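Numbering-wise (this note's numbering), the sequence shown opens with residue 30 and increments by one. Beta carbons are placed, not taken as given, at the ideal position from N, Cα and C, and that holds for glycine. None of the values given here were measured: they were computed from a predicted structure. Encoded as structure tokens, the structure appears first; notes follow it.
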Amino acid sequence: MKKHAIFNGTAILFGLIFVFAAFNTAIAQKVGYVDTEYILQNIPEYQDAQNEIEDYSKQWQEEIEAKYAEVDKMYKAYQADAVLLPEDLRQRREQEIIDFEREIKDLQKQRFGSDGELFKKRQELVKPIQEKIFNAIEEIATKKNYGFIFDKAGGPVMMYVDAKYDISDEVLDQIGSIMGVRGN
């Protein structure tokens, strides 16, 4: 019985030492943060990508608006002619307008939908830049022994930030794309 009590006490002691060591190691971790919004604003490729995405968006929006203007003309012409048209011709023109409107809505979904061309274009142009940023963050964090890196731009996640932990400029240096001096 006495051996069992000693074993239990030793196990508890080793357990406490292990927990204390793990807690001590966790406290010793360095923490840093980045401001991805700031980083992205200082990467010329990102600005170029944003401009290209905006150009596609404007072009496709104008195309869709032009098609809606066509539908409007078709509808107004139909309204003007409807009283003079026989029933079968009137129904056919109504169906043409409905079908054309459906085509436009499908085109709008194809261009701007959640899995549309604009989304795919954004992924194609922005994802490589995001990967470059992530790789730079990972490399800096590994080299400088950071335990955690938070993104300040991700929303009101942090209530207080000491600027000495901001490694955003280092990420830009690592990428080789800093444009100007940050004004805080």
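Here residue 81 is near residue 154, since their CB atoms are less than 8 Å apart. In the DSSP assignment, residue 180 falls within the beta strand (DSSP E) that extends over 175-180. Residue environment analysis places residue 156 among the exposed positions, since fewer than 16 neighbouring C-beta atoms fall within 10 angstroms of its C-beta. In the displayed model, residue 142 falls within coil according to three-state DSSP, outside both helix and strand. Annotation: residue 138 to residue 192 spans about 44 Å, alpha carbon to alpha carbon. With three or more CB-CB distances shorter than 8 Å, the segment 170-183 counts as touching the segment 60-68. Only residues of its own chain outside the window of five on either side were considered, and among them 147 have a CB closer than 7 Å to the CB of residue 86, listed in chain order.
Between the alpha carbons of residue 171 and residue 74 lies a gap of roughly 26 Å. CA-CA distance, residue 104 to residue 141, rounds to 25 Å. Measuring C-alpha to C-alpha distances from residue 78 to each of 152, 92, 95 identifies 152 as the nearest.
Per DSSP, reduced to three states, the secondary structure at residue 195 is strand.
DSSP places residue 205 outside both helix and strand once states are collapsed to three, so it counts as coil.
Boundaries cannot be given for residue 112, as no beta strand (DSSP E) includes it and DSSP labels it neither H nor E.
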